[in-house]
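Residue numbers (this note's numbering): 1 to 391.
Written as structure tokens, this is what we have:
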């Protein structure tokens, strides 16, 4: 029996062991086959996989860099726009400051036009706030405050600067327009006044050019000035004021005042008349005015006494030379109150009414002469009636 069992064990492996061995060999073969296949695939497709990986990484890096570039460009553009905006505000502030200084200078020029500058009827806008109050000299009219520090400038940039600057610009423009209207009004007023004086002088038969100062030698090359509208209007206003002042002085020097106080009563006019003594026609070289003996006789314009004497038919006569060939005579005086060479002003008493010389009663004989020739005194008296004299 033992020998039989031992014989069975030595006869060979059992079926179970054979099956396990077969499975193990099959798995080993499969693993070897897979490994060989993987190795073969890696060896065959290694370069293609690596190329795809590298390409994918490159695409991701390019997209990332492109995104960064886009963001950087947007940041640069925003920074440039803010810088340009800040620069624009600074430039506008600088321009506004210069314009305010120009407006203040122009107002000073207007104030120098003989006090003729009118008040500006347009109030300027409210001033820009400043960090600290700045003492300011009193000006002819208020203008916007533009003295801003760096902090205020930065604040202006950050807080509605464009709107604030636009309001300031509009305010300064209103002031400039008002100045232009003022200077135009001054020129117009001076021109009208000059024309009035010119008309008064022409009514006397005199030409205003007669009283122009003698021309002096002037000359030089023509170099035109590029004046703006305000400067041109200011130059015109000055010219009109200068002419008006000259004509005013000429008018003040003409015998426009009355030789007697109160209302004048003419008893004989200028020109041809029946002579009271011969009863024939003769030239009356002046006008006769009713006056009581001793009534004060006044110079009708400023001048220098060239005669104060008894002069035949004139009786006691005073003659006053007013310059430019213009002379007045006061005759039939009861007495003279001036002497030859004496300077008299308009309204000064030169004598007293009477009836000396060739006269039929107390009155004043009054003459005006131009270049030695008698002219009708009523030309001057009628023109002078339109003037108001400050006594």
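Cβ coordinates follow ideal geometry from the N, Cα and C atoms, glycine included.
Scanning the stretch 253-283 from its first residue to its last, the whole beta strand (DSSP E) runs of 3-plus residues come out as 266-268, 271-274. The residue from 333, 324, 90 with its alpha-carbon nearest to that of residue 296 is 333. In this structure residue 91 is exposed. Its beta-carbon is surrounded by fewer than 16 other beta-carbon atoms within 10 angstroms. In terms of CA proximity to residue 98, 168 leads the group 59, 168, 63. The beta carbon of residue 342 lies closer than 6 angstroms to those of 305 in the same chain, with the five residues before and after it left out. Its Cα nearest to that of residue 183, the residue 235 stands out among 221, 235, 164. When the beta-carbon positions are compared, residue 229 and residue 170 stay at least 8 angstroms from each other. Excluding residues up to 5 positions away in sequence, 194 lie with their Cβ nearer than 7 angstroms to the Cβ of residue 243 in the same chain. If the five residues before and after residue 237 are omitted, its C-beta is found closer than 7 angstroms to the C-beta atoms of 113, 183, 186, 187, 190, all from its own chain and listed in chain order. Residue 207 carries a coil assignment under DSSP once its states are collapsed to helix, strand and coil. The residue among 329, 324, 323, 256 with its C-alpha nearest the C-alpha of residue 317 is 329. Under a 10 Å Cβ-count criterion, residue 349 is classified as exposed, with fewer than 16 other Cβ atoms of the shown protein chains found around its own Cβ. Within the same chain, 288, 289, 290, 363 come within 8 angstroms of residue 267 by CB-CB distance, once the 5 residues on both sides are set aside. Contact check for residue 325 against residue 370 passes: the beta carbons are separated by less than 8 angstroms. The beta-carbon distance between residue 337 and residue 301, rounded to whole angstroms, is 17 angstroms. This is too long to meet the 8 angstroms contact definition. Following the DSSP letters along the chain, one finds residue 383 inside the alpha helix (DSSP H) bounded by residues 378-384. Inclusion of residue 232 and residue 259 in the CB contact set at 8 angstroms is not warranted, their separation being larger than that value. Nearest C-alpha to residue 204 among 70, 172, 250, 320: 250. Per the C-alpha coordinates, the member of 360, 62, 383 positioned closest to residue 278 is 360.
Inclusion of residue 339 and residue 308 in the CB contact set at 8 angstroms is warranted, their separation being smaller than that value.
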